[in-house]
Structures are given as C-alpha cells and as structure tokens.
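Data block below; observations after.
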Amino acid sequence: MQADQNPTPEKQEAGGVARLLSYLVILAASVGLFFDARALPTSRWDVLGAGAFPQLVFATLGVLALVAIADALRKLPPGAFAGFGAAAVPWLRARYLVVALLALFGLYLAILPRAGFSWTTLGFLLAAQLLLAPRRPRVIAVLLILALLFSFGLNALFAEAFNVFLPRGRWWT
Amino acid sequence: MIDQFLLGAEQIFTVSTLLFMLLGSIAGIVAAAIPGFTITMAIILTLPLTFAMPPLQGIAVMLSVYVGGYTGGLISAALLGIPGTPSSVATTFDAFPMARAGQPGRALSLGVWASFFGTLISTVVLIVAAPPLALIAVKLGPWEYFSLILFALTIIASLVGASLLRGLMAGAIGLAISTVGPDPMMGRPRFDFGLDMLAPGMPFLVVLIGIFAISQLVSEVEDVRAVRSGTSLATKDIDFQTWAMMREILVRPVNLVRSSIVGVLIGALPGAGGSIANLLAYDQAKRASKTPEKFGTGISEGVVASEAGNSATAGGGLIPLIALGIPGSAVDAILMASLMVHGISVGPRLIMDNADLVYGMFIAMVVASLMMLIVCMVSLRLFLRVTEIPKWAIVPAVIVCCVVGSFALNNRVTDLYLLGFIGLAGYLLKTLDYPLAPLVLGVILGPIAETNLRRALMTDSDWTVFLTRPVSLLLLVAAVASVAWAVWRHRQSRARKSLTDPKESG
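Here it is in structure tokens:
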C-alpha cells in the first residue's frame with residue numbers, strides 16, 4: 035500500500051498492516067534459510083565454509099524483521115487489522131491494469147520458450163497495448179506496427195547484427 | 018617521450034580511426050541506453066570487429082564504446098527511471114525525478130557534461146598517477162578488501178529513504194539474494210531447492226532489471242485514467258540549457274572533482290567498477306551537502322555526482338591495466354584481451370616497450386569523451402522523443418527490451434522466469450515503501466564481501482588481523498563513523514520533519 039500524496043488514516047493503517055505482514059514473511063524466510071545455511075558443509079581449507087556468510091546475513095535480516103515487527107505492533111491501533119481487508123479490496127480493484135499487465139507478463143514468460151520469441155512477443159505486445167491504449171483506429175494501427183517491430187524486427191536485429199539468437203520455440207522445431 | 022606521444026597522436030588523428038571511434042561512441046551510447054544491455058556486452062560485440070584493425074585503432078574504438086556506454090546508461094535512467102546499465106543505478110535517484118518534474122533536457126545535459134568532465138579528470142589522473150596508484154591497489158589484501166566493502170555497505174544507511182529499518186532490511190535482502198547459487202569460493206550449491214532457475218545463482222543484471230525496470234514499468238500503469246488518456250512519461254517541454262548546465266557544473270567544481278576522484282579510485286581497484294563508483298560518489302555528495310534531504314527529489318548535485326563517478330572509472334580502470342597488466346573490471350579484461358590478440362604483452366613493461374600505444378590510449382580517452390559529448394549534444398533531441406511516447410506504447414515495448422536484455426546475458430530461458438519473479442517482488446517491495454537502491458547495493462557487494470572474508474580467514478584464521486592491519490583498521494573505523502553519521506543525520510531530518518508536521522512522527 036504505497037504512500038500516496040494525502041493518505042487517509044485508514045489507508046495509512048492498512049499500509050502499516052501490509053508492511054507488518056511483509057516483516058512476518060521476511061522473518062519466516064530468514065529463520066528457515068538460516069537453518070538451511072547451517073546444514074552447508076565446511077572444509078579443512080575453508081574455515082568459514084559455504085554457510086557462514088549466509089548465516090550472518092539471514093541472522094541480521096531476522097533480527098531486523100523482529101525489530102520491525104515490534105515497532106509496527108507498537109504503532110498500529112487495535113482496529114487496524116479489522117479494516118485491512120476492507121481497504122485491500124478497493125486498493126487492488128483500483129490497480130486492475132497492474133494486475134492484468136502482470137498476469138499477461140507471466141503468461142508471456144511461460145509461453146515464450148514454447149512458441150518462440152517472435153510470435154509470443156507479438157501476442158504479448160498486442161494484448162498489453164490493447165489493454166492499456168485508448169481504442170481508436172489510428173492507435174490500433176500504430177500498436178500493430180509497434181508490435182511487429184518489437185517482435186519480428188527485434189528478433190531479426192539481434193540475430194543479424196549481434197549474433198544473439200532469441201528463443202525459437204520448441205513448438206516449431 | 019614527446020616522440021612517442023606524437024607517434025601515438027599521429028595514429029589516433031587519422032580519418033579512419035576518428036570515423037570508427039565516432040561509430041563506437043554512437044554504438045556505446047545506444048547499447049547502454051537499452052535496459053539490460055551492459056557496456057561489457059557492447060565491448061564484447063565490438064572486439065571481433067577490431068581484429069582486422071591496427072592495435073591502437075582497435076583499442077581506440079573499444080575505448081569509444083566504453084566511454085560512450087558510461088553515458089548511454091544515463092538516458093534510460095533519466096527518462097524512464099530504469100538504469101540502462103548497472104553503472105547508472107544512482108543516476109535514477111535524481112535525474113529521473115528531475116525529468117518527471119518537467120526538466121528532462123536539463124537532466125540529460127547535466128549528466129552528459131558530468132560524464133564528459135568525469136572522463137577528462139580521470140584521464141588526467143591516469144596520465145599523472147598510473148604507476149603509484151596501481152602499486153597501492155595491488156598491495157591491498159583480502160582484509161583490506163573486506164573492510165573496504167564493509168565501508169561501501171555503509172552507503173545503505175544513507176540510501177534508506179523514509180524508514181531506516183526498511184532500508185537496512187532491503188540491504189540485507191540484497192545480500193541474501195547474492196548468496197543464492199554456487200558459493201563463490203568452492204562452488205557448492207546453496208539455496209537452489211532443486212530448481213534449475215536458481216542453480217546458477219541470481220545474475221546481478223536480471224535482479225537489477227527485475228527490481229528497477231519491471232517494478233517501475235508496472236507502477237507506470239497504476240493510474241488508469243492517465244494511461245488511457247495517452248499521457249507520456251514526461252512533459253514535452255524540452256529545454257537542454259546546454260551551456261548553462263556546463264557553467265552550473267563548473268562554478269561548483271568540488272562535487273565534480275570529488276565524485277571523479279571517487280570514480281578513479283574505485284575504478285583502479287580490481288573487482289570494483291562503475292556500479293559501485295556511481296553509488297559511492299552519490300553517497301559522498303549527499304553526505305557533503307548542506308541539504309541532504311533534497312537528494313532524491315531531482316537535485317543537480319545528485320546527477321553530477323553519479324554520472325561523474327561512473328564515467329571516471331573508465332580512466333581509473335586503465336591504471337592497473339597499463340601499469341601492471343591487471344584488469345580492474347570485465348571491460349578492462351576485454352581491452353587486455355584485445356591487446357594480447359595483437360601480440361602486445363600487457364604488464365609493467367607495456368609503457369616501456371609500447372609507449373606510443375599507451376600515449377595513444379591516453380589521447381584516445383580524451384578524443385572518445387569529446388566524441389561522446391558531440392554525439393550526445395547532437396542526438397539529445399532525438400533521445401528526448403522517448404518522453405513523448407504515450408505510456409501504453411512504451412511500457413510493453415520496454416518490458417520486451419528487458420526480456421531480451423535478460424536473456425541475451427546468458428542465453429538462459431530460466432533467467433526469464435527469474436526476471437518475472439523478481440519483477441513481481443520488486444513491485445511489491447516498492448508498493449510497501451521499501452527502498453530498492455540498498456537492495457541492489459547488497460546484491461553487488463555481497464559476493465565481493467563473502468569472497469574476501471573467506472579468503473582472509475583462509476590465509477589467517479585470526480579475526481584480529483582485520484584490526485591489526487592499518488589500512489583495514491582505518492577502513493573499519495571509517496565504516497563505523499559512516500553509519501553513526503548517517504543515523505545521526507537521519508534522526509535529525511526526522512526530528513525536523515516532526516517539528517514541521519506533527520503527524521509525521523511515526
């Protein structure tokens with residue numbers, strides 16, 4: 035819940051709860067990974083071993099997360115947790131373009147190795163630009179040209195000029 | 018000596034060499050402006066093209082790509098808020114807000130001039146101080162390196178933004194990310210959980226693109242109305258103020274010279290490079306400023322410090338290369354390889370056996386920085402057209418460039434999955450008000466810190482050696498003083514804020 039210019043107290047509290055949740059996630063991850071790091075072996079030549087530095091890092095991160103949790107609990111009023119759900123849904127709804135763009139990006143990355151760079155990128159660009167752009171005939175024409183340039187054009191540029199071959203796709207080979 | 022100097026100059030000032038250098042400069046600027054396309058990649062692609070050239074011409078072309086590349090990163094950093102290369106992370110802190118505040122031309126002009134003067138200063142230092150500085154750099158052992166990196170890590174304390182705790186946590190998350198993959202000493206796998214994606218570790222560039230670029234691009238579409246109305250990333254008000262910016266930098270030379278010296282010193286240290294110099298120079302400028310709270314809001318000192326700092330590493334990196342045959346960075350290693358391809362042995366005898374070549378390299382650095390300046394001044398208006406493109410067009414297109422940049426680094430599809438996860442994590446962290454710069458600093462410095470700590474203790478398991486070696490002790494004291502000073506400044510600024518706005522006390 036990013037701080038906007040003039041956040042209401044309810045929004046500030048919801049942001050505080052969201053940050054508290056992030057501290058809890060970080061604490062859990064750092065405790066788990068600290069014990070994972072302890073299991074890494076040492077050797078005769080390497081006094082510290084592969085696990086010492088990560089242990090140091092995860093211990094520091096865990097302590098910082100604990101302090102942050104204590105600080106957040108001290109500052110948050112008792113009713114803040116109840117209002118979190120009510121604030122989170124409209125926050126997410128207002129950012130539907132972000133959610134949709136991230137979903138498209140995820141889908142793009144998942145399909146890319148299978149369908150290859152050019153076709154997947156063409157599909158991603160058309161879908162993402164149609165999602166974001168105002169629906170006017172001139173805009174549609176521009177986004178079509180852009181999608182072709184940044185998919186097939188970019189692929190050709192990297193292959194011809196830089197000898198870098200972007201994924202061709204398992205479906206076509 | 019004068020004969021050798023003139024011989025070098027004669028080889029540089031030929032039409033073909035100058036033409037190839039101009040092309041190299043343009044290529045470096047354009048390549049570095051693409052997020053994910055590093056200077057190292059641009060230099061690697063240039064190397065085969067120089068095989069057929071005479072040695073000095075080949076090196077001069079590569080130096081043009083090098084110098085142009087350090088400036089090119091500024092373009093996407095200022096206009097899109099995405100560091101074009103790892104060396105322009107700190108440039109985003111002030112150049113981007115300045116561009117967003119309606120002064121994209123000013124941000125670019127300041128950056129270009131700072132890069133130009135930074136390169137010139139570093140070349141002067143290179144000519145004067147190459148041998149003594151290189152000797153100091155090679156005398157540093159792992160103890161001093163670890164202490165130096167610890168000192169560099171204290172920059173985190175001044176990059177934390179609104180919350181000291183979240184800033185420190187972001188730095189520690191960056192260090193944690195750097196521990197994934199094979200350990201830097203023995204190559205033992207760590208934290209890969211049997212996933213192919215994590216087995217080779219998290220490439221720094223993929224982390225950088227995910228954290229900065231994807232999170233920034235995604236947050237651009239938060240405001241539905243602004244996106245649909247065809248709003249562009251910055252205003253169309255273009256005013257370069259070219260000469261005014263040059264004067265602005267020159268009338269306050271302390272920041273420029275200090276940042277350039279930081280760049281030269283960092284560049285001269287093997288293993289360190291533009292990415293560290295960029296952040297360290299910015300940090301030093303902020304600490305020395307009477308108004309540190311204005312840093313990050315689009316202040317000219319921030320742009321000058323970060324750009325002069327990274328550009329000055331170009332000259333600094335050549336110091337150990339020319340004097341001792343030790344490359345200071347990956348790019349210097351490629352330059353060294355290029356010399357070796359031409360049958361020139363690099364080492365302490367280089368300046369004695371091939372003085373014309375070395376003087377030619379010095380001249381090429383100056384010419385390359387001049388070319389970079391000319392190319393930028395002529396083409397800035399073209400680059401600024403980027404700001405006029407509506408968000409609906411530029412956001413998906415730049416996302417595709419990020420994907421290409423991440424893939425081209427290692428030709429690994431798994432890096433793309435990593436990019437997706439890191440981009441999502443970066444957006445969440447940004448939304449939750451975690452500063453992203455300390456995280457990136459942690460990722461850069463983590464492996465260097467771990468390697469030197471373990472190397473030091475492999476040499477001598479006694480921890481007190483860190484305190485008994487004078488340079489190491491000095492750096493550790495500087496690190497403690499740096500943290501104390503940053504915490505004090507942070508508390509002071511919070512106290513000032515709570516006085517002016519009592520609601521801000523939380």
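Residue numbers (the working numbering), protein chains in the order written: chain A, 35 to 207; chain B, 18 to 523.
We put the CB at the ideal spot given by N, CA and C, even for glycine.
Residue j beta carbon less than 8 angstroms from that of residue i
i	j	result
A/V132	B/E239	yes
A/A201	A/P147	The sequence shown places Pro at residue 201 of chain A, not Ala. Going by C-beta atoms, A/P201 is nearer than 8 angstroms to A/P147.
B/Y434	B/M214	yes
A/P168	B/R245	yes
A/L54	B/V235	no
B/I56	B/L462	no
A/L156	A/L182	yes
A/Q110	A/A134	Here the sequence assigns Leu to residue 110 of chain A, which means Gln is not the residue at that position. No, the pair does not count as a contact, with Cβ atoms beyond the cut-off.
B/G333	B/A285	yes
B/I228	B/L456	yes
B/A116	B/N295	no
B/L137	B/V384	no
B/F483	A/D70	no
B/G459	B/A189	yes
B/P64	B/S362	Residue 64 of chain B is actually Leu in this sequence, not Pro. Not in contact: B/L64 and B/S362 (Cβ atoms no closer than 8 angstroms).
B/I226	B/L436	yes
B/Q301	B/R275	yes
A/L159	B/P71	no
Proximity to residue i [Cα-Cα], best of the options
i	options	result
B/E280	B/T196, B/L335, B/A95	Residue identity check: residue 280 of chain B is Gly in the sequence provided, not Glu. Closest by alpha carbon: B/L335.
B/G85	B/A381, B/L24, B/S499, B/G463	B/A381
B/Y87	B/V430, B/W130, B/I76	B/W130
A/A149	A/S56, A/L67, A/G203	A/G203
B/S132	B/T34, B/L493, B/G291	B/G291
A/E47	A/A161, A/T154, A/G117, A/A181	A/G117
B/V224	B/L470, B/A503, B/A495, B/L453	B/L453
B/L282	B/I228, B/V420, B/L143, B/D20	B/L143
A/S152	A/L126, A/A137, A/F69, A/L180	A/L180
A/A122	B/L484, B/T448, B/M262, B/V271	B/T448
B/N469	B/W160, B/L97, B/M263, B/L445	B/W160
A/G66	A/G96, A/K45, A/T207, A/W206	A/G96
B/S510	B/E310, B/V500, B/M369, B/G333	B/E310
B/A50	B/Q28, B/C418, B/A354	B/C418
B/M353	B/E27, B/L73, B/D20, B/V47	B/L73
B/G119	B/A331, B/L96, B/G437	B/L96
B/S396	B/G122, B/A59, B/V82, B/T63	B/G122
B/A216	B/I226, B/L222, B/G204	B/G204
A/L126	A/T207, A/W205, A/A175, A/A52	A/A52
B/A59	A/W206, A/S77, A/F196	A/F196
B/N427	B/F221, B/A372, B/S81	B/F221
B/S104	B/A94, B/F113, B/D370	B/A94
A/W79	B/A503, B/S489, B/R486, B/T476	B/T476
A/N189	B/D432, B/V488, B/F424, B/M70	B/F424
B/G89	B/M70, B/A302, B/T109, B/G75	B/T109
B/N272	B/A243, B/G184, B/K303, B/S386	B/K303
B/F438	A/S77, A/P43, A/Q163, A/Y142	A/Y142
A/Y57	B/A69, B/L182, B/I61	B/L182
B/L270	B/A243, B/S317, B/G313, B/F312	The sequence given here has Pro at residue 270 of chain B, not Leu. Per the Cα distances, B/S317.
B/V348	B/D432, B/T330, B/S478, B/G377	B/T330
B/S489	B/A503, B/R366, B/A473, B/I278	B/A473
B/A495	B/T171, B/V321, B/M378, B/V420	B/T171
B/R264	B/V430, B/F37, B/I416, B/L127	B/L127
B/T34	B/A44, B/V47, B/A77	B/A77
B/A243	B/L36, B/V415, B/P407	B/P407
Closer than 7 angstroms: residue i CB and nearest the ligand FMN heavy atom
i	result
B/R205	For the ligand FMN, the structure offers nothing, since it holds no ligand at all.
Complete runs of the alpha helix (DSSP H) confined to the stretch 163-215 of chain B [at least 4 residues]: Every unbroken stretch of the alpha helix (DSSP H) spanning 4 or more residues and falling wholly within the stretch 163-215 of chain B is given here in chain order: 181-195.
Near-chain A residues of the stretch 425-444 of chain B (beta-carbon distance less than 8 angstroms), N- to C-terminal order: A425, N428, V430, L433, Y434, L436, G437, G440, L441, Y444
Completely contained alpha helix (DSSP H) runs for the stretch 262-340 of chain B, where each covers 4 or more residues: If only complete runs of 4 or more residues are kept, the stretch 262-340 of chain B shows the alpha helix (DSSP H) at 270-285, 291-305, in order along the chain.
Runs of alpha helix (DSSP H) wholly within the stretch 47-128 of chain B (minimum 4 residues, chain order): 56-67, 72-97, 108-117
Under 8 angstroms (Cβ pairs) to chain A, residues found in the stretch 87-114 of chain B: Result list empty, no residue passes.
Against chain D: residues of the stretch 121-139 of chain A by CB proximity under 7 angstroms: Protein chains A and B are contained in the structure displayed, whereas chain D is not.
Within the stretch 365-432 of chain B, ranges of the alpha helix (DSSP H) (whole runs, at least 4 residues): 367-370, 372-401, 408-427
Within 8 angstroms of chain A by C-beta, residues of the stretch 195-209 of chain B in sequence order: Listed by position, the residues of the stretch 195-209 of chain B near chain A (Cβ gap below 8 angstroms) are T196, D200, M202, M203, R205, R207, F208.
Minimum length 4: unbroken alpha helix (DSSP H) runs contained in the stretch 436-492 of chain B: 454-476, 482-485
The stretch 448-460 of chain B: positions lying closer than 9 angstroms to chain A by Cβ: T448, L449, D450, Y451, G459
Near-chain B residues of the stretch 61-80 of chain A (beta-carbon distance less than 9 angstroms), N- to C-terminal order: A63, S64, L67, D70, A71, L74, P75, S77, W79, D80
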